[in-house]
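Beneath this line is the structure, given in structure tokens, with notes to follow.
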Amino acid sequence: MIQFVQSFESEWLKRKRSLASWLVICGAFFTPLVITVAKIVRHGALAASSRLPNYWEALWKSSWESMAIFLLPLGAILASSLITQLEFKNNTWKLLHTTPQRYGVIFLAKLSVILVMMLQFLILFNIGIYLSGVLPGLLFGVSYPAEPIPVTYFMTENGRYFLACLPIIALQYLISLQFKNFLVPVGIGLVLWILSVAVLSWPYGHWIPYTYCSFNYLKDGPKFTHAFPLITFALGYFLLFTVTAYILYLQRKEKG
5 MIQFVQSFES EWLKRKRSLA SWLVICGAFF TPLVITVAKI VRHGALAASS
55 RLPNYWEALW KSSWESMAIF LLPLGAILAS SLITQLEFKN NTWKLLHTTP
105 QRYGVIFLAK LSVILVMMLQ FLILFNIGIY LSGVLPGLLF GVSYPAEPIP
155 VTYFMTENGR YFLACLPIIA LQYLISLQFK NFLVPVGIGL VLWILSVAVL
205 SWPYGHWIPY TYCSFNYLKD GPKFTHAFPL ITFALGYFLL FTVTAYILYL
255 QRKEKG
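Position in the sequence shown counted from 1, then plus 4, gives you the numbering used here.
In structure tokens, the structure reads:
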């Protein structure tokens with residue numbers, strides 16, 4: 005456990021040399037910033053909207069529309085690829101493997117950094133949602149929203165979105181460990197994401213794990229009929245891709 009913690013700390017420091025850190029911050033605040041600007045431009049409607057009984061749910065839904073279908077999957081693709089490709093970029097895989105760390109520790113430490121970054125992304129995004137809900141009102145003297153924040157609902161949905169993006173992270177991690185060229189895992193990820201958008205109305209679209217973030221957003225819609233155990237599928241794919249990635253990582257004759 006101590007070795008894992010030390011390895012994680014080392015990998016966490018490495019991420020500062022990657023664009024992934026900025027990707028997390030910019031991606032998390034992009035949609036809330038757009039919503040904030042839109043509210044400021046249409047500030048005449050702030051007073052009426054702040055009194056709505058479903059103010060926070062409506063804000064949550066509008067914030068997640070672009071995030072679930074576009075930004076979260078793409079963020080998972082880019083962050084996973086950027087973090088994994090650091091050793092290839094700096095040509096330090098061989099140096100890393102000369103350190104007194106087991107391959108399993110290295111593998112899990114890198115994966116854990118990506119997972120923690122996704123949690124960081126969601127936390128910052130939620131902060132952004134809250135700020136977009138209160139800052140425009142403060143600027144124009146509008147009272148605080150009457151509806152209390154549905155914390156339990158928000159926490160549950162955050163957990164579902166995190167689990168929904170796990171298969172993307174695991175598969176991108178698998179692919180990134182196999183190719184030195186950063187464009188290969190990103191290109192494959194983008195193709196799979198485009199495919200996932202195209203098959204959302206297909207009866208078997210749930211077999212493509214890149215659809216799960218979108219399906220989680222669409223599940224409450226009146227026209228959504230694609231019922232399936234999303235969390236079970238997501239965890240199953242995550243375990244499958246992670247175990248496969250680890251086996252392939254161990255079997256590589258030249259790791260980096």
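We put the beta carbon where it would ideally sit given N, CA and C, even for glycine.
This one's a predicted model, so the numbers in the text were calculated from it and none came from an experiment.
Legend entry - Neighbourhood of Ala168 by C-beta, 6 Å cutoff - its chain only, sequence neighbours within 5 removed: Taken in chain order, the residues that qualify are Tyr216, Cys217, Asn220, Ala238.
Legend entry - Of the residues Gly141, Leu135, Leu254, Leu76, the one placed nearest Leu126, counting alpha carbons only: Residue nearest to Leu126 within the set Gly141, Leu135, Leu254, Leu76 is Leu76 (criterion: CA-CA distance).
Legend entry - Contacts around Gly31, its chain only, beta-carbon distance under 6 Å, and the 5 residues preceding and following it disregarded: Same-chain partners within the cutoff: Leu75, Gly79.
Inset, instruction - Using alpha carbons as the reference points, say which of Pro233, Ile133, Gly193, Val190 lies closest to Trp211. - result: Nearest option by C-alpha distance: Pro233.
Inset, instruction - With a threshold of 16 other CB atoms inside 10 Å of the CB of Glu69, please say whether the residue is buried or exposed. - result: Glu69 should be labelled exposed.
Legend entry - Spatially closest choice to Ala83 from Gly193, Gly209, Ala202, by CA coordinates: The shortest C-alpha separation from Ala83 is found at Gly193.
Legend entry - Beta carbon of Ile81 nearer than 9 Å to that of Ile172: For Ile81 and Ile172, yes; Cβs fall inside 9 Å.
Inset, instruction - Can you give me the Cβ contacts of Gln124 inside the same chain, cut-off strictly under 7 Å, excluding the 5 residues immediately before and after it? - result: Val28, listed in sequence order.
Legend entry - Leu142, buried or exposed, once every other Cβ within 10 Å from all chains shown has been counted against 16: With fewer than 16 Cβ atoms within 10 Å of its Cβ, Leu142 is classed as exposed.
Inset, instruction - Count the C-beta pairs between the segment 198-208 and the segment 100-113 that are closer than 8 Å, then say yes if the count reaches three, no if not. - result: No contact exists between the segment 198-208 and the segment 100-113.
Inset, instruction - State the start and end residues of the unbroken alpha helix (DSSP H) segment that holds Pro57. - result: Run containing Pro57: none; DSSP gives neither H nor E here.
Legend entry - DSSP state of Asn130 mapped onto helix, strand, coil: It is helical.
Legend entry - N-terminal and C-terminal residue of the alpha helix (DSSP H) that Lys20 is part of: Unbroken run through Lys20: none, as it is neither H nor E.
Inset, instruction - Reducing DSSP to helix, strand and coil, say where Ala150 ends up. - result: Coil, per DSSP.
Legend entry - Lys93 classed as buried or exposed, judged by whether at least 16 other C-beta atoms fall within 10 angstroms: So Lys93 ends up on the exposed side.
Inset, instruction - Classify Tyr208 as helix, strand or coil using the three-state DSSP reduction. - result: Tyr208 sits in coil when the DSSP states are folded into three classes, being neither helix nor strand.
Inset, instruction - Mind the definition here: the segment 153-168 touches the segment 54-62 only if three or more C-beta pairs lie below 8 Å; say whether that holds. - result: With a cut-off of 8 Å, the segment 54-62 and the segment 153-168 count as touching, because enough Cβ pairs lie within range.
Inset, instruction - Could you check what DSSP says for Val188 in three-state terms: helix, strand or coil? - result: In this structure, Val188 counts as helix in the three-state DSSP scheme.
Inset, instruction - With hydrogens ignored, establish whether the beta-carbon of Leu17 is closer than 8 Å to any heavy atom of the ligand ATP. - result: This structure does not include the ligand ATP; it has no bound ligands of any sort.
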